[in-house]
Each structure stands twice: as C-alpha cells, then as structure tokens.
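K.L.:
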Amino acid sequence: MKEVRIILLVSLIAAFSSCIKDEMLHSEADILTCTVQGTVLKRQPRISNDKIVLMVKSNADLQRIAPVFTLTRGATIFPESGTPLDFSSPQYYTVTSEDRHWKKVYEVSCDTSALRKKYDFEHFELDTKQHYYLFYEMTENGSKQYLWSCGNELFDLIAAGSDPDNYPTTVSDAGKSGMCLKLQTKSTGVFGSWSDKPIAAGSLFMGEFESDSALIYPLKATRFGTPIDFLPSELTGYYRYKAGVVYTDKKGKIVPGAKDNFDIYAVLFETDAQLNTLDGANVLTSPSIIAIARIGESDRIESDEWRMFKIPFVYKQGKQIDLQKLEDDKYSLTVVFSSSIAGDLFRGSVGSTLYIDEVVLSEKTDQ
Amino acid sequence: MRRKLARYGALLLFLASFFPVRAQEERSAEVVRSSLIGLEYRVKAGFNLGGAAPIPLPAEIRSIESYNPTLVFAIEGNVTKWMNNRWGLITGLRFESKGMKTDAKVKGYQMEMVSKQDGALKGVWTGSVKTHSRSAYMTVPLLATWKYNKRLQLELGGYYSLLIDGSFSGTAYDGYLRKGDPTGEKVLVSEAAYDFSDDLRNNHFGFQMGAEWRAFTHLNMYGDFTWGVNNIFKDDFKSISFAMYPIYLTLGFAYLF
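Those protein sequence lines, which keep their order, are chains Y and C. The numbering of the first sequence is this note's numbering, which starts it at 1 and goes up by one. The numbering of the second sequence is this note's numbering, which starts it at 368 and goes up by one.
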C-alpha cells in the first residue's frame, strides 16, 4: 500500500510539473534606450513610459535628427530606429510587442529652450489618464516644456482613484497672483503602509521622476537637475505654510511632540559623462555641487498670509566656475519644494500644506 | 512536512482504533437488519493532498518553486445501497478542508494587489507569487460502486460542495507590475500582498473516483480522487486571468459497520 501511495504522489507531482508550457512571446513594447549621434544633446534623453524628451543644444539642426532606439526583446518600431526625422515638432513612434498583440505610441520631442527665470505655476494639465496634474512652462516659441516633476505618479500607483485635487502635488486658485502651486502631505493608505511608505509629501522639482524603481528605491527615483546657461545668485518667491497635526515615522507610528516643516532649496551642480543627474540620496551632498540655496531654519514660518522668501545661492569654497563648461551646457540646476522636510524618508504630518507662487531665479552679475 | 504527516497518521490510527471497540459493542440488530436489505454504513477519515490549479497550466506560469499540500483532511459518513452482488450506490456527507501553499514564478500574470480601504494596484505581474489557500466545505457525494472482488471496491460519480469558509491570499514579490496592461507604467515591487478570499465561489460540482481496499473485516483503506469542474473563484472574478480547479487526492481509512 505504501508503494501505491508513493506512486500516486509522484504521479500527481509529475502531472503538475510536466505541463509547464513553452514561454510566451514578449508582450511588452518598451523603448529601453535612446541615443543620438554626435554632440547635439545637452543631457541623456529622458525616457518615460510613453514619452521621450531630447534636450538639444540651441544651435542644433532639428530637421534631421535620427534617434537610435533599443527595444524590448523581439519588439519592432515604426518609423525605424535611426531614421532622420524633422523634430521641429514632436514625432510619434509606434512600438509593437514581440507577440504583435500590444502597441505603444511614444511621443519624442526636442527641447532647445533655455532655462526660464520666472515661474508662476499658471500652466498645468492632467496626465494622459486624467488622474493628476502635471506642470509645464511655455517656451518662447510657444511649446510646452515639462521642466517640473513630482511624486504624483508614484502616489497614483499606490493610492489612485481619487480626483486630481487629492493628489499631493496640485494647484490652487488662491495664488499670490492667479493660480499657485499647492503641495500637501497625504496618507498613502493601506498599500503604502505595507511598503513602509505611509505618507507622500507634496513636492515639485526640476528634473525627472523615475517611477520604475520608486517603490523599492524611492530616493533614486527623483532625478534632479535640468541644464542651466547662467549662474544664479538668488531664489525668491512667496509661500504660505501650515503644518499637519500628527507627525508619523516611516512605520506610520505617531512621534509625540514632533512637528512637521517644509523645505525649499536649489542646487547648482556640474554634470559629466558619469553624472547626469543628482538623486534623493546625494542632492545636497554630492561633490559635484557648486552652489546651494536653502531656506534657513528661522525663515520657515507657519502663516496664513503670503510670505516672501529670498534665498541666496552659497557657492562652495574652492569650486572653480568654468565658463566654458557653462557655455557647453554642462551645468545643471534643480529647484525643490516639499510640504514635509523629511518626506523623502516618509516622515511627516498628513495635512501639512505648502503654497508656492511667483518664484524668480536671479542671475549673478559679477562673474 | 514529514513530521506533520507522521503526526496526522498517528491521529488517524488513534481514531481508527477507537471505532472497532465501540462499534463491535454496538453492532446492533439495526445494522444487521440494514445489511439484509442491502444497506451498508461507513465512516471515513483521510487527509487531502492537492491544490487549486489551472488546467492546463497556462503559459504565464513559468515554474513551480515549491508546493506544500498543508494539513487538510476529509471526514465522511456514507451509506451504500447494494443493488446486487456487484453494483451499488453511495451517498453521504463529508466535511473537508482543502488547501495548499505554493511558490511559483510567473510572467505576464494578470493580477490585482488590493487594499480593502483604498485603491488597488492592478496589472500584469512578472516575478514570484506565493499563494496560501485553505477552504472548508460540506460535501455530498453520489457514486456508483462496483465490487471487483471481496477485497477491492471501486467507485465513480460526482459530488456537490458548499463552501463554509475559505481564504485565498498571498504575496507577490521580486518582480515588476505593468499597470493595467503590458504597455502600462512599469513598477518594480519588492513585496506586495493580495487577498482574494472574498471572491471564492460558494457552490461547487465535480467528479470523484475512488478505490477501497478491505484490509480487515471492518477497517478499510481508501483513496478518493476529486476533480472540481467549477473555477474556485466566482464567475465575475477577473483579477486572475485563468480559472483554477480544485484537484485533490484523499488517502485514509474507512470503518465499515
């Protein structure tokens, strides 16, 4: 009888394991990398799920740019990789998966505009899924420049469903003038607390949000920096702030007596072949930093009225400013606003709210 | 695992040894009278080995890393009506639990990681999935039985099961989710939980075949193979893209009055 039982058991297991089928053809249709020959790019291309932005030098010939792509294994692209196209306006590529079942359209655009100096937060739109707000600036030639990024995309993944005004980074019509930026620290609900991310601070920064790895390496998801062609001297603007009541740590536990605070800072840094952007782990500590402007402890005041902030850029001692590198677009700047100063570590108070408007970057006159 | 089975075997032997003593005393005139009109009574107890599996295994499942049948069992009381020397009909009532723990690698697996209060993370998962399911059923079998010889008896028929209580949950780990469909945003996930307990089907039908070996006058050994024809989930459940069917082997002892 024992033998019979063993035979039955073995055959049962065999029945389950022997019918693993052949692997399916890939169903994903991603552009994995994008390169452009020569030296027309200021930075590595920004690739998101369905959009690629090429930051191109102002003197480049946009009419014949031939981006080269690598794709998910087995996928195909049309127009073909390496085809010269006219990028005076955005071009659209269709990627088809190996199993021919899925298609994804990428918008590929070139951005030649220089960094603006005034930010009024009057320009915003909903993302393609109509879930949350995206901010952009208008360039001189009337095209949209997606200079700003935020964590709304991550929040959408873990706590989606509510309307755009319930996301951490939103707009308000109670601006200093017109509309303004509204950042509010939100609870991420049960799913967020499972993954030790109980809150999501409202934040806006110059750079790119890499949502792929955001759940695992949140500090690496914020890619700070955009090319700058002048040396900044001062960051000014207006804010209103109200801290939330209950301060919690990463595990969602209440920290008695702790009070939330906001943060505003700007970082000027040098890029090279290795360093394209800064991230959450080194944005204030990288050796590539040339200057930092950060709001002082005593200037962070809770107020229902608009208050002005005026933050000087403090240039690092002993850091040489290389005007040739500035000319060659090697310098990057990021400006960061956050409704919870330790929001990157998932500590803060739900409800902390920071409003920002009329931000101005001043150029240094004495080189 | 081995220790668990040993412990369970000991429990069965204990139960089995308990029956003859009592039953011999109580082999009443009632039982004798029943046997005269072709009725026979049994109690059966065994453990269940199997799982809820998609048949055939879909291509989404790349490998099964581990499988544990868990400690689940069936206890049944039934009655046989013999039509003649060889053929009879069996029906009864069975209380049983079915369960499994699996760890599988999947690719392009449609799923939803849920949190009850807030939103859900829904899409196509590539990575590892741990599943733990455990359900309790009340089952009524209806079988034709055929006596091969004095010792061996075979059975074939069907059953109806009512879900009394069930859970189906687990974690998805070390992989990535494409939100919505394979072209959606990609999110790397180290670990996320899911729970589909509320979506389990209540009414089940299935096929059953079995064999019983008459080891002693009253004590039999048996094996029953059951194959559910209904998906273990409700019809409107879409979070897993394929249907899963309960397939179990019950091995144990039967006591014949």
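Just so it is clear, CB atoms sit at the ideal spot from N, CA and C, and this is done for glycine as well.
1) Straight-line CA distance for Phe624 (chain C) to Asn445 (chain C)?
2) Could I get the ranges of all uninterrupted beta strand (DSSP E) runs contained in the segment 110–180 of chain Y, with 3 residues as the minimum, in chain order?
3) Quick one: which residues of the segment 204–218 of chain Y get their C-beta closer than 9 Å to a C-beta of chain C? List them in chain order.
4) Among C:Lys472, C:Leu529 and C:Phe583, whose alpha-carbon lies nearest the alpha-carbon of Tyr543 (chain C)?
5) Contact criterion: CB-CB distance below 8 Å. Does Asn49 (chain Y) meet it with respect to chain C?
6) Please classify Leu561 (chain C) as buried or exposed, where buried requires at least 16 other C-beta atoms within 10 Å of its C-beta.
7) Could one say the Cβ of Leu379 (chain C) lies closer than 8 Å to chain Y's Cβ atoms, at least one of them?
8) From which residue to which residue does the alpha helix (DSSP H) around Gly579 (chain C) run?
9) Are the C-beta of Ser97 (chain Y) and some C-beta of chain C separated by less than 8 Å?
10) How many Å lie between Tyr526 (chain C) and Phe574 (chain C) at the Cα?
11) Would you verify that the beta carbon of Ala426 (chain C) is, or is not, closer than 8 Å to some beta carbon of chain Y?
12) State buried or exposed for Ile264 (chain Y), treating a residue as buried only when at least 16 other CB atoms are found within 10 Å of its CB.
13) Is the segment 302–321 of chain Y in contact with the segment 201–219 of chain Y, if contact means three or more CB pairs nearer than 8 Å?
14) What would DSSP say about Trp594 (chain C), mapped onto helix, strand or coil?
15) Answer yes if the segment 455–471 of chain C comes into contact with the segment 421–432 of chain C, meaning at least three C-beta pairs across the two stretches below 8 Å, and no otherwise.
16) Going by beta carbon distance, what residues of the same chain come within less than 8 Å of Phe572 (chain C), once the five residues before and after it are set aside?
17) When you check each C-beta in the segment 24–42 of chain Y against every C-beta of chain A, which residues fall closer than 9 Å?
18) Residues in its own chain within less than 8 Å of Asp50 (chain Y) by CB, not counting five upstream and five downstream?
19) Is Tyr612 (chain C) close to chain Y? Criterion is C-beta to C-beta, closer than 8 Å.
20) Spell out the partners DSSP gives Ala273 (chain Y) in its beta bridges.
21) To the nearest angstrom, how far is the alpha carbon of Trp454 (chain C) from that of Asn435 (chain C)?
22) Compare the Cα-Cα distances from Tyr167 (chain Y) to each of Y:Ser286, Y:Pro79, Y:Met179 and Y:Gly202 and report the closest residue.
23) Please confirm whether Thr83 (chain Y) and Gly351 (chain Y) have their CB atoms less than 8 Å apart.
24) With DSSP run on the structure shown, which of helix, strand or coil describes Lys220 (chain Y)?
25) For the beta strand (DSSP E) containing Glu443 (chain C), name the first residue and the last one.
26) At the 8 Å Cβ level, is Lys546 (chain C) part of the contact set with chain Y, yes or no?
27) What's the C-alpha gap between Glu427 (chain C) and Cys34 (chain Y)?
28) Would Gly547 (chain C) be called buried (16 or more neighbouring beta carbons within 10 Å of its own) or exposed?
29) Answer yes or no: does any C-beta atom of chain Y fall closer than 8 Å to that of Arg429 (chain C)?
30) Less than 8 Å between the CB atoms is what I'm expecting for Thr334 (chain Y) and Ala281 (chain Y), so what's the real figure, rounded?
31) I want to verify the contact list: residues of chain C whose CB lies under 8 Å from the CB of Ile20 (chain Y), in sequence order.
32) Could you check whether the Cβ of Gly577 (chain C) sits closer than 8 Å to any Cβ belonging to chain Y?
33) Three or more C-beta pairs closer than 8 Å, one from the segment 337–353 of chain Y and one from the segment 233–253 of chain Y: is that the case here?
34) Give me the Cα-Cα distance between Asp304 (chain Y) and Val171 (chain Y), rounded to the nearest whole angstrom.
35) Which of helix, strand or coil does DSSP assign to Ser298 (chain Y)?
P.N.:
Quick answer:
1) 11 Å
2) 124–126, 133–135 and 169–172
3) Ser211, Asp212, Ser213, Ala214, Leu215, Ile216 and Tyr217
4) C:Lys472
5) yes
6) As written in the sequence, residue 561 (chain C) is Tyr, which differs from the Leu given in the question. So Tyr561 (chain C) counts as buried.
7) Per-residue confidence for Leu379 (chain C) stands at a pLDDT of 49, beneath the threshold of 50, marking its modelled position as unreliable; the derived number appears in the next sentence. Chain Y, which has no Cβ nearer than 8 Å to the Cβ of Leu379 (chain C), makes this no.
8) Reading the sequence as shown, one finds Glu at residue 579 (chain C) and not Gly. Taken as a continuous stretch (DSSP letters only), Glu579 (chain C) belongs to no alpha helix (DSSP H), being part of the beta strand (DSSP E) at Asn570 to Arg581.
9) yes
10) 6 Å
11) yes
12) buried
13) no
14) strand
15) yes
16) Gly525, Tyr526, Tyr527, Ser528, Gly595, Val596 and Asn597
17) The structure shown contains no chain A; the protein chains it does contain are Y and C.
18) Lys104, Val105, Tyr106, Glu107 and Thr128
19) no
20) DSSP, once it has assigned bridges, lists no residue as partnering Ala273 (chain Y).
21) Rounded to the nearest angstrom, the two C-alpha atoms are 37 Å apart.
22) Y:Gly202
23) no
24) helix
25) Val439 to Trp449 is the span of the beta strand (DSSP E), which, as asked, contains Glu443 (chain C).
26) yes
27) Approximately 30 Å between the Cα atoms of the pair.
28) exposed
29) yes
30) About 14 Å; that fails the 8 Å criterion.
31) Leu424, Ile428, Arg429, Ser430 and Ile431
32) no
33) yes
34) 17 Å
35) helix
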